[in-house]
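Participant: Using numbering that gives the first Met the number 0, read the sequence shown as starting at 0 and increasing by one per residue.
The C-beta atom is built at its ideal place from N, Cα and C for all residues, glycine as well.
Model, not experiment: these values are computed from the prediction.
Pasting in a structure now, in structure tokens, and then I'll have a few things to ask.
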Amino acid sequence: MADFDLVQFDLDGTLIDSVPQLADAISAMLSKLGLATQSVNAVRGWVGNGADMLVQRALTAALGQAPDAALQQQARSMFDEAYANHADGALVFYPGVLSTLEQVRASGMRMALVTNKPYRFVPGILAAAGLGSHFELVLGGDSLAEKKPSPAPLLHVCRQLDISPARSLMVGDSENDVLAAKAAGMAVAGLTYGYNYGRSIADSQPDWVLDDFAGLASILKL
């Protein structure tokens, strides 16, 4: 018998490599503001705390100082407009993601998605990926008052689906996922290939460290 009834997944850096689309949107935003664009590798190091922090980090790098509130707001609107045109294009899945998700689904285990990405972009990405019906509940970074690393989104999912946190597993690629899961009282598997600000996910001490997504099958006893 599996140890879990529910698996909660992060999206960016866990299921898909969204950096190419994010970098395109950031470049479009900076160009529109007359600022120097930033490299894809730079953007890769800025992902993980939601769109506001991504935009702030890009502006700080381009300006050499933190932006004021007015510029931050203006840039965020430009980023959203640009990303809306890129978010669901040419999706890149990490190896083993689609086949493993199908295994989890076939097992009857329940699945939810908890991402810090603004919710408005998530349904289109899932539809383009053919994953629109895989998850019983989907939360974006702005779906609740708090986002990861707060445990609030993970606990909200447990309450909505009537499953104890002790019977839920979080799967993510950054310390935000690990911190949120630990604070929620649930187990967590950390993936080594995603976006964790250049640090090893093992430093956050998840219950399992996985080099590839397919390793999830053994944890879930599929």
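Identify the residues that DSSP records as bridge partners of residue 304: which are they?
Facilitator: Limits of the chain in this structure are 0 at one end and 221 at the other, which puts residue 304 out of reach.
Participant: Can you give me the C-alpha to C-alpha distance between residue 69 and residue 79, rounded to a whole angstrom?
Facilitator: Start at 1 with the first residue of the sequence shown, and residue 69 comes out as number 70. Start at 1 with the first residue of the sequence shown, and residue 79 comes out as number 80. Straight-line Cα distance between these residues: approximately 16 Å.
Participant: In this structure, does DSSP put residue 77 in helix, strand or coil?
Facilitator: As a first step, residue 77 is located in the sequence shown; it is residue number 78 there, counting from the start. Helix, per DSSP.
Participant: Buried or exposed: which applies to residue 174, given that a residue is buried once 16 or more other Cβ atoms fall within 10 Å of its Cβ?
Facilitator: What you label residue 174 is simply residue 175 of the sequence shown in a count that begins at 1. Classification of residue 174: buried, given that the 10 Å Cβ count is 16 or more.
Participant: Could you give the DSSP three-state label for residue 156: helix, strand or coil?
Facilitator: Numbered from 1 along the sequence shown, position 157 holds the residue referred to as residue 156. Three-state DSSP puts residue 156 in a helix.
Participant: Is DSSP giving residue 172 helix, strand or coil here?
Facilitator: Position 173 of the sequence shown, counted from the start, is the residue given in the question as residue 172. The answer is coil: DSSP assigns residue 172 none of H, G, I, E or B.
Participant: Could you tell me if residue 159 is buried or exposed, where buried requires 16 or more neighbouring beta carbons within 10 angstroms of its beta carbon?
Facilitator: As a position in the sequence shown, residue 159 is number 160, starting the count at 1. The residue is exposed, with fewer than 16 neighbouring Cβ atoms inside 10 Å.
Participant: Excluding the five sequence neighbours on either side, which residues of its own chain have a C-beta within less than 8 Å of the C-beta of residue 104, listed in chain order?
Facilitator: As a working note, residue 104 is residue 105 in the sequence shown. Excluding sequence neighbours, residue 104 sits near 110, 133.
Participant: Determine, using beta carbons only, whether residue 147 and residue 121 come nearer to each other than 8 Å.
Facilitator: As a first step, residue 147 is located in the sequence shown; it is residue number 148 there, counting from the start. As a first step, residue 121 is located in the sequence shown; it is residue number 122 there, counting from the start. No, these two residues do not count as a Cβ contact at 8 Å.
Participant: Got a sec? Which residues, its chain only, sit under 7 Å from residue 61 by beta carbon, not counting five neighbours each side?
Facilitator: Working through the sequence shown from its first residue, we reach residue 61 at position 62. Closer than 7 Å at Cβ, skipping near neighbours: 29, 34, 35, 37.
Participant: How should residue 91 be labelled, buried or exposed, when 16 other C-beta atoms within 10 angstroms of its C-beta is the threshold for buried?
Facilitator: Your numbering for residue 91 matches position 92 in the sequence shown. Answer is exposed; the Cβ neighbour count stays below 16.
Participant: If you follow the beta strand (DSSP E) that residue 63 is part of, which residue opens it and which one closes it?
Facilitator: Position 64 of the sequence shown, counting from 1, holds the residue named residue 63. Unbroken run through residue 63: none, as it is neither H nor E.
Participant: Rank 46, 106, 135 by C-alpha distance to the C-alpha of residue 219 and give the top, closest one.
Facilitator: The count along the sequence shown starts at 1 and reaches residue 219 at position 220. Residue 219 has its Cα closest to that of 106, out of 46, 106, 135.
Participant: Could you give the distance in angstroms between the alpha-carbon of residue 100 and the alpha-carbon of residue 182?
Facilitator: Indexing the sequence shown from 1 puts residue 100 at position 101. Indexing the sequence shown from 1 puts residue 182 at position 183. If you take the alpha carbons of residue 100 and residue 182, they lie about 25 Å apart.
Participant: Could you check where the alpha helix (DSSP H) with residue 215 kicks off and where it finishes?
Facilitator: Working through the sequence shown from its first residue, we reach residue 215 at position 216. 215 to 218 is the extent of the alpha helix (DSSP H) around residue 215.
Participant: Assuming residue 54 and residue 18 make a contact with CB atoms under 8 Å, what is their CB distance in whole Å?
Facilitator: Start at 1 with the first residue of the sequence shown, and residue 54 comes out as number 55. Start at 1 with the first residue of the sequence shown, and residue 18 comes out as number 19. Not a contact, Cβ separation roughly 15 Å.
Participant: When DSSP builds the beta bridges, which residues end up paired with residue 189?
Facilitator: If you number the sequence shown from 1, residue 189 lands on position 190. Answer is 171, 208, bridged to residue 189.
Participant: DSSP on residue 121, reduced to helix/strand/coil?
Facilitator: Here residue 121 refers to the residue found at position 122 of the sequence shown. Helix at residue 121.
Participant: Could you tell me the boundaries of the alpha helix (DSSP H) in which residue 138 lies?
Facilitator: Taking the sequence shown and counting its residues from 1, the one referred to as residue 138 is at position 139. Taken as a continuous stretch (DSSP letters only), residue 138 belongs to no alpha helix (DSSP H), being part of the beta strand (DSSP E) at 136 to 138.
Participant: Can you list, in chain order, the residues of its chain whose CB lies under 7 Å from that of residue 95, leaving out five sequence neighbours each side?
Facilitator: Mapped onto the sequence shown, residue 95 falls at position 96. Taken in chain order, the residues that qualify are 211, 212, 213.
Participant: Ordered along the chain, which non-local residues of its own chain (more than five positions away) have a Cβ less than 7 Å from that of residue 16?
Facilitator: Position 17 of the sequence shown holds residue 16. Excluding sequence neighbours, residue 16 sits near 91, 93.
Participant: So, using beta-carbon positions, are residue 180 and residue 215 closer together than 8 Å?
Facilitator: The residue labelled residue 180 in the question sits at position 181 within the sequence shown. The residue labelled residue 215 in the question sits at position 216 within the sequence shown. No, the Cβ-Cβ distance between residue 180 and residue 215 is not below 8 Å.
Participant: Which residues mark the beginning and the end of the alpha helix (DSSP H) in which residue 25 is found?
Facilitator: Position 26 of the sequence shown holds residue 25. From DSSP, the alpha helix (DSSP H) with residue 25 extends over 18 to 31.
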